[in-house]
Amino acid sequence: VVSFPPSLSPLFSPGPRTMMKMLVCTVALCLAQSGLAFSPTPAQRTAFASIQRSSTVMKTGESLAAQLRSQSDDELLAAVDAAKAELYDMRHKRATRQTVKTSDYDAAKYKINVINMILSERK
Numbered sequence: 006v007v008s009f010p011p012s013l014s015p016l017f018s019p020g021p022r023t024m025m026k027m028l029v030c031t032v033a034l035c036l037a038q039s040g041l042a043f044s045p046t047p048a049q050r051t052a053f054a055s056i057q058r059s060s061t062v063m064k065t066g067e068s069l070a071a072q073l074r075s076q077s078d079d080e081l082l083a084a085v086d087a088a089k090a091e092l093y094d095m096r097h098k099r100a101t102r103q104t105v106k107t108s109d110y111d112a113a114k115y116k117i118n119v120i121n122m123i124l125s126e127r128k
């Protein structure tokens, strides 16, 4: 707790934001003096090091479209419903601040688009 001399307290009464800033500065100063301070510059990152793309090619080497073309219309409609439900679940998880891999959004949207393309080709 920061206390001021009685002579300054009527002139300077810090608000909660000022108190928080002073607390953060005090903690940062203590960490710096003890050698535990964080580096002010972020670590160098290599380009594309953390990007993991979801592959649309399955383990058998077949593309997603080729695998889906072998299914019937009823199976494809069920797959579209399942993919839309998965997309809804991901959006709900994100809205409730649960962890969701953002690459799964693109994969689900891609799957829905491929299935809709196959269904429109068959008409």
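Reading the sequence shown from the start, the letters are residues 6 to 128 in this note's numbering. Just so it is clear, CB atoms sit at the ideal spot from N, CA and C, and this is done for glycine as well. Because the structure is a prediction, the values reported are computed rather than measured.
Within 8 Å, do at least three Cβ pairs link the segment 89-96 to the segment 104-124? Contact between the segment 104-124 and the segment 89-96 is present: three or more C-beta pairs spanning the two stretches fall below 8 Å.
Boundaries (first-last residue) of the alpha helix (DSSP H) holding Val105: Val105 -> no alpha helix (DSSP H), and no H or E assigned at all.
Can you say whether Val32 is buried or exposed, counting buried as having 16 or more other CB atoms within 10 angstroms of its CB? Val32 should be labelled exposed.
Would you kindly work out how many angstroms separate the C-alpha atoms of Leu82 and Cys30, rounded to a whole number? The C-alpha of Leu82 lies about 59 Å from the C-alpha of Cys30.
What's the gap between the Cα of Val105 and the Cα of Asp94? The alpha-carbon atoms of Val105 and Asp94 are separated by roughly 10 Å.
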